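Sequential numbering of the sequence shown, starting at 1, is according to the UniProt record's numbering. Even for Gly, the Cβ is constructed at its ideal location relative to N, Cα and C. Everything numeric in this text was worked out from a predicted model, so none of it was measured.
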Amino acid sequence: MASHHIQALLFSLFLLPSLLLSAPISAKNISFDSASFSFSNLTLLGDSYLRNGAIGLTRETDVPSSSSGTVVCNLPVQFYDPSTNTSASFSTKFSFSITNPNPHNETLAARAAISAFSSNCAGEKRLDHRFEFDTRLDEEFGDPNDNHVGLDINSPNSSKAVDAGSYGIELKSGNTTTAWIDYYDGDNQLEIRLSYSAVKPEKPVLSLRVDLSEHFEETMYVGFSASTEGSTELHTIKDWSFRTFGSLLNPSSINPSPDGRAQQSSIIPRCPPLALEQLSEEARLALGIMAL
């Protein structure tokens with residue numbers, strides 16, 4: 001069977017060993033925004049770069065050369081508190097574009113996927129949660145078309161997938177697209193929204209009841225990965241914000257949101273540096289697994 005030549009843009013939750021942390025992390029929710037980022041806040045791997053406030057993940061290359069890059073925020077994020085057996089909810093918003101500077105050189109269908117995953121760095125078991133924004137039709141995986149949004153859990157087959165075109169979104173148009181991913185742990189509700197504007201749509205393109213907290217580890221890192229193979233796709237993150245909220249805070253310190261769900265005030269912490277030499281070989285592999 002011919003191999004798939006794909007381009008992937010991945011939003012990821014990287015699980016790294018707790019031994020990387022210099023001290024125990026107190027249970028707390030966090031919030032950060034890429035507007036506050038500098039080189040010291042990010043770990044840049046492969047072809048990724050930071051330029052004019054935007055994060056580039058791949059670079060223009062001649063076919064059939066490939067480009068791949070990963071960027072990770074150096075802030076460890078706590079998703080699970082073992083002392084109280086509670087998990088955090090999370091929200092992330094990011095604007096991205098996928099463009100092809102040489103469309104006439106493109107010989108194979110492009111694919112872009114934005115994903116979230118957690119993996120056991122000891123290699124015993126790898127858990128994979130993928131929020132997929134896909135521009136390739138793979139009938140073997142049950143894809144509805146070549147312009148869909150889906151959630152994959154430990155499988156390339158989507159637990160649920162919807163046509164982004166039904167909401168007026170063409171993922172490979174080259175336009176700046178904003179995505180919102182919200183997970184509410186209290187009612188196991190996952191919602192994904194898309195828009196060409198910065199205004200969050202009222203209606204999600206995908207809504208699903210699923211318990212992601214079953215696979216949360218105590219501490220993870222968040223970031224993006226992208227790769228190309230035999231194509232010239234450019235993957236750019238224009239802006240990005242992320243926060244956890246809910247159960248990890250004392251209830252008295254949580255402010256209700258307009259829809260009644262718990263949230264915390266926005267706090268943008270300084271991200272401590274993450275030394276690449278501290279990453280275990282398993283952690284490097286976990287990054288590589290998502291750079292398809």
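query = With contact counted as at least three CB pairs below 8 Å, one residue from each stretch, are the segment 221-240 and the segment 185-193 in contact?
reply = no
ask   = Roughly how many angstroms lie between the CA atoms of C73 and P144, to the nearest whole one?
value = 33 Å
request  = Give the single residue among S166, S197 and L208 whose Cα lies nearest to the Cα of Y184.
outcome  = L208
key: Identity of the residue in E214, A198, S40 and S213 nearest K93 by Cα   = A198
Check: S225 C-beta below 6 Å from any heavy atom of the ligand GTP = Ligands in the displayed structure: none, and consequently the ligand GTP is not present.
inquiry  = Taking the alpha carbon of T61 as the reference point, which residue from Q78, H235 and F245 has its own alpha carbon closest?
reply    = H235
task = Can you tell me which of N157, D146 and N147 puts its alpha carbon nearest to the alpha carbon of E140?
result = N157
query = Quick one: what's K148 bridged to in DSSP?
reply = The question names Lys, yet the displayed sequence has His at residue 148. Beta-bridge pairing links H148 to D134 and D163.
query = Under a three-way DSSP split, which group does G142 fall into?
reply = coil
ask   = In whole angstroms, what separates the C-alpha of S36 from that of L42?
value = 11 Å
inquiry  = Are the CB atoms of R136 and D152 within a distance shorter than 7 Å?
reply    = no
task = Determine the burial state of F117: buried for a count of at least 16 other Cβ atoms within 10 Å of its Cβ, exposed for fewer.
result = Legend: pLDDT at F117 = 41, less than 50; position of this residue unreliable, no value from coordinates given.
Close beta carbons around A54, own chain, < 7 Å, minus the five adjacent residues each side = T236, I237 and K238
message = Give me, in chain order, the residues of the same chain whose beta-carbon lies closer than 6 Å to that of A122; leave out the 5 immediate sequence neighbours on both sides.
response = With a pLDDT of 38 at A122, under the threshold of 50, the modelled position of that residue is not reliable, and the figure given next carries that caveat. If we look at A122 and ignore the five residues flanking it on each side, it has no Cβ neighbours.
query = Leaving out five residues before and five after D259 in sequence, what residues of the same chain have Cβ atoms less than 7 Å from its Cβ?
reply = Interpretation of D259 is limited by its pLDDT of 44, a score under 50 that renders its predicted location unreliable; the figure taken from the coordinates is listed afterwards. Excluding sequence neighbours, D259 sits near nothing in its chain.
query = In chain order, what residues of the same chain lie with their CB nearer than 7 Å to the CB of G165, ignoring the 5 residues before and after it?
reply = N147
request  = Can you give me the Cβ contacts of L45 inside the same chain, cut-off strictly under 6 Å, excluding the 5 residues immediately before and after it?
outcome  = T70
task = Flag this pair as yes or no: are the beta carbons of S213 and S31 separated by less than 7 Å?
result = no
query = Whole-angstrom Cβ separation of N175 and S97, contact assumed at under 8 Å?
reply = 7 Å
request  = Identify whether G223 lies in helix, strand or coil by the three-state DSSP scheme.
outcome  = strand
ask   = Alpha carbon to alpha carbon, what distance is there between K203 and W240?
value = 21 Å
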